[in-house]
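Report on one structure; see the data block that follows.
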Amino acid sequence: MAGSVTPGGAQKKPPRNKKSAASPPTPRCDHALQFYEAESYLYSAISSFILPTFFSTESASVIIATRTHLDALEVHLREQNLVPGQLKDRGQLIVLDADEILLAIMPGGSLDVDLFDQYLRKLFPDVQTKFPKVRVYGELVNILCEQGNYELARQLEVAWERFLSEPDRNVALLCGYNMGVFEAEGLSEVFQQICLNHSKVEPTEREYPTLGHSNNQKTAVAMLQQKTRCLEAEINRRKMSEAALQMLLDHFSSDSRTSDKPYEADGGYSAHPTGVCGRTLHEGRIRYFANDRFCQISGLAEPTIHRDGNWLSAVHHFDREKVSRCFSLEDGRMRKVEYRFVHTSGDIRWVSAEFTVGLSGYIHSVVDITGIKESVAQRRKRSDNYSEICSSHPSEWRMGQNFTGEGQQRLIPDSVPRWDRGHSSSHSPNRNVSSPTRGHASLLC
Numbered sequence: 036m037a038g039s040v041t042p043g044g045a046q047k048k049p050p051r052n053k054k055s056a057a058s059p060p061t062p063r064c065d066h067a068l069q070f071y072e073a074e075s076y077l078y079s080a081i082s083s084f085i086l087p088t089f090f091s092t093e094s095a096s097v098i099i100a101t102r103t104h105l106d107a108l109e110v111h112l113r114e115q116n117l118v119p120g121q122l123k124d125r126g127q128l129i130v131l132d133a134d135e136i137l138l139a140i141m142p143g144g145s146l147d148v149d150l151f152d153q154y155l156r157k158l159f160p161d162v163q164t165k166f167p168k169v170r171v172y173g174e175l176v177n178i179l180c181e182q183g184n185y186e187l188a189r190q191l192e193v194a195w196e197r198f199l200s201e202p203d204r205n206v207a208l209l210c211g212y213n214m215g216v217f218e219a220e221g222l223s224e225v226f227q228q229i230c231l232n233h234s235k236v237e238p239t240e241r242e243y244p245t246l247g248h249s250n251n252q253k254t255a256v257a258m259l260q261q262k263t264r265c266l267e268a269e270i271n272r273r274k275m276s277e278a279a280l281q282m283l284l285d286h287f288s289s290d291s292r293t294s295d296k297p298y299e300a301d302g303g304y305s306a307h308p309t310g311v312c313g314r315t316l317h318e319g320r321i322r323y324f325a326n327d328r329f330c331q332i333s334g335l336a337e338p339t340i341h342r343d344g345n346w347l348s349a350v351h352h353f354d355r356e357k358v359s360r361c362f363s364l365e366d367g368r369m370r371k372v373e374y375r376f377v378h379t380s381g382d383i384r385w386v387s388a389e390f391t392v393g394l395s396g397y398i399h400s401v402v403d404i405t406g407i408k409e410s411v412a413q414r415r416k417r418s419d420n421y422s423e424i425c426s427s428h429p430s431e432w433r434m435g436q437n438f439t440g441e442g443q444q445r446l447i448p449d450s451v452p453r454w455d456r457g458h459s460s461s462h463s464p465n466r467n468v469s470s471p472t473r474g475h476a477s478l479l480c
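Structure representation (C-alpha cells):
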C-alpha cells in the first residue's frame, strides 16, 4: 500500500501496525512473582503480602511452603508483633506443607494436572464460604526448580493461571522463587517464560540505585549490559579452565599410560593410570571432582563423589585415621601415604596416594599397587615357609653359599662332602685339590 502525498510533495510513510509484533500474553489474573536471594527478605515479602488478612474479617491467607519456611515465617510474624495463632484458630490463616502436596499431585514423579485442579477446587470453596477474598503464597514451583524440573514448574504455573483466571475466583497468588535456582546454563528461555506467566514480577532485594530515576534508566540498562558481558566472558574463561582440567584428568586416567615395568627408574608409579580427585572452594562454593580411574579404584560412582565428596567412607576402617590426618594440615605441602579401599563386593585395593591440602581445597592422586602388595606378601610367605623347614631339620640341612655369582643360597645335605670336612680352618682348598690321596671330594661349586 503506497503512502499518501503531503502538500509539499513528500510521500508520507504508512502508519506502523503495532499489532504486527508478537507480544507476550498478559496473565488475566492477580498472579505475582517474587524473586529473592536471602530467606529473611522472602519472609518480609510474604508478611507484607498477607498483612491485610490480619486487619480484615473478609479475607484469608493460605501459605504453601516447606516445613522449614513455615516455621521460620511464623517466628518472623511474631517478631512483627503479629499473632498468627489467632488467625489459624479462626480459619483465616491456613498453612500447608508444600512437599506433601507435591507427593499428592505427582504420582510416579510426573505432574498430574487433573489431581492438582481437584486439590484446588476442594481447598478454596471451603475457605471462601467464610472469607471471600483469599491471598495465597506458594513455592511448589520453586521446589520443582530446585530439583531441576523446570518444565514441570512451567506446567504448574500454567495450571495455577488457568484456575485463577476463572470468573469470580477472587484469589491473589504470590509465587516465591529463589534466584539461585536459575544459575545453571541454558535457563534464559525458561526464566523468561516463567516471568511472562505472571502479571507482576518483583526482583530480588539487591538494589540498583540508578533504576530509581527515570532519566537514568538508559544508563542503568547500559550498566547491566556491561555486567552481562563481563559475566559471559567469565563463563567462557571458566569453560576453558574446566576443559583443560578435564583433559588433565583424562590424561592421568588413560590406560595408554600403562607400562609393562612395575616401577620407574626413580621408584615411582608414574607410568600407571592415576586416579585423581579433589575439592575446590571459590567464593563460598564447594565443587568436587574425580576422574574415571579414581572411581574404578575406589569402587564409587562419580555422581556420589561429585555430590558430597565423601570417598573416605570407602577407605578401610583401619586406614581412615591416617588418611584423615593428611587433610587436617592445610599447609600446601605434599604428603604420601599408602592405604586400602574396600569395594562393596569385599575386594580390597591398595593404593599409593599423594595429598596436597590448602585453604582453597585439596588435590589427591592414587595409584593402584594391589599387585605389588600381593607379590610382596607371596615372597614373605615363601620366606616364612623356608625358615620353618630349616628350623624343623637342623641336623640334616645346613646353608651353603652358591658361588655361581648370583648371590643366592641353597640347602646342602650333610651327606655331601666338602673340602673342609675333617680339617682345620687353616687348610686351604687349593692345597687339597692336588692331593688325591686324601680321599675327599672336589670343591662344591
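Quick note, in the working numbering, the sequence shown goes up one by one and the last residue is 480.
All C-beta atoms in this analysis are idealised placements derived from N, C-alpha and C, irrespective of residue type, glycine included.
Mind checking whether residue i and residue j have CB atoms under 7 Å apart?
i: Glu365; j: Val401; result: no
i: Ile424; j: Arg384; result: no
i: Glu93; j: Lys168; result: yes
i: Asp147; j: Ile136; result: no
i: Ser82; j: Leu112; result: yes
i: Arg314; j: Tyr397; result: yes
i: Asn232; j: Glu201; result: no
i: Leu175; j: Ala133; result: yes
Identify, in the order they occur along the chain, each residue of the same chain with its Cβ nearer than 7 Å to the Cβ of residue i, setting aside the five sequence neighbours on each side.
i: Gly367; result: Thr391, Gly393
i: Phe329; result: Gly310, Val311, Cys312, Val401
i: Ala57; result: Because the pLDDT of Ala57 is 43, which lies under 50, any placement of that residue in the model is unreliable, and the number read from its coordinates should be weighed accordingly. Excluding positions up to five away in sequence, the list is empty.
i: Asp152; result: Ala194, Phe198
i: Ser422; result: none
i: Gly344; result: Arg314, Tyr323
i: Arg264; result: none
Of the choices the options, whose alpha-carbon is the least far from that of residue i?
i: Phe90; options: Ser387, Phe166, Phe226, Phe159; result: Phe166
i: His66; options: Ser422, Ile178, Ser145, Val236; result: Val236
i: Tyr382; options: Asp403, Glu192, Ala139; result: Strictly speaking, residue 382 in this sequence is Asp, with Tyr absent from that position. If we check each option's Cα against that of Asp382, Asp403 comes out closest.
i: Ile229; options: Leu266, Glu277, Arg189, Arg204; result: Arg189
i: Ser4; options: Cys64, Gln115, Arg102; result: Lying outside 36 to 480, the shown extent of the chain, residue 4 is not represented and no answer is given.
i: Arg320; options: Glu181, Ser395, Arg370, Asp147; result: Ser395
i: Glu409; options: Phe84, Gly144, Val386, Cys361; result: Val386
i: Val130; options: Ile140, Glu72, Thr101, Ala388; result: Thr101
i: Cys64; options: Thr315, Val372, Glu196, Ser223; result: Glu196
i: Gly126; options: Asp152, Asp149, Ala107, Thr88; result: Thr88
i: Glu240; options: Lys416, Asn420, Phe70, Ala133; result: Phe70
i: Ala107; options: Asp134, Leu77, Pro338, Leu86; result: Leu77
i: Asn177; options: Arg204, Asp152, Leu209, Leu150; result: Leu209
i: Gly221; options: Gly211, Glu267, Phe198; result: Glu267
i: Ala517; options: Gly144, Ser422, Tyr172; result: This structure leaves residue 517 out entirely; the chain is present only between 36 and 480.
i: Arg342; options: Arg355, Ala325, Thr405; result: Ala325
i: Ser96; options: Phe84, Arg170, Gly144, Thr103; result: Arg170
i: Gly211; options: Leu280, Asn420, Leu335, His104; result: His104
i: Thr164; options: Ser145, Arg204, Arg414, Gly143; result: Arg204
i: Asp354; options: Lys274, Glu373, Glu72; result: Glu373
Within the same chain, show all residues whose beta-carbon is closer than 8 Å to that of residue i, passing over the 5 residues directly before and after it, in chain order.
i: Leu138; result: none
i: Met369; result: Glu389, Phe390, Thr391
i: Glu337; result: Ala325, Asp327, Cys330
Taking 7 Å as the threshold (beta carbon to beta carbon), is residue i in contact with chain E?
i: Gln182; result: Here chain E cannot be found, since the structure has a single protein chain.
Got a sec? Which residues, its chain only, sit under 6 Å from residue i by beta carbon, not counting five neighbours each side?
i: Val225; result: Tyr185
i: Leu316; result: Ser395, Gly396
i: Lys371; result: Glu389
i: Val358; result: Val350, Tyr374
Inset, instruction - Take every Cβ of the segment 372–379, pair it with every Cβ of the segment 344–361, and state whether three or more of those distances are shorter than 8 Å. - result: In short, these stretches touch, since the Cβ pair count reaches three.
Legend entry - Contact the segment 178–187 vs the segment 208–226: 3+ CB pairs below 8 Å: The segment 178–187 is in contact with the segment 208–226.
Inset, instruction - Could you tell me whether the segment 105–123 touches the segment 147–161, where touching means 3 or more Cβ pairs closer than 8 Å? - result: Contact check between the segment 105–123 and the segment 147–161: fewer than three CB pairs, one atom from each, fall below 8 Å, which does not count as touching.
Legend entry - Every unbroken beta strand (DSSP E) within the segment 67–154, with a cutoff of 3 residues, ordered by chain: List check, beta strand (DSSP E) in window: 94–100, 128–132.
Inset, instruction - Note down, one range per segment and in chain order, each alpha helix (DSSP H) of at least 4 residues found wholly within the segment 178–252. - result: Within the segment 178–252, the complete alpha helix (DSSP H) runs of at least 4 residues are 185–199, 223–231.
Inset, instruction - Identify every run of the beta strand (DSSP E) within the segment 390–416, keeping only runs that are complete inside it and at least 3 residues long; order them along the chain. - result: Counting only runs of at least 3 residues, the segment 390–416 fully encloses the following beta strand (DSSP E) elements, listed from N- to C-terminal order: 396–403.
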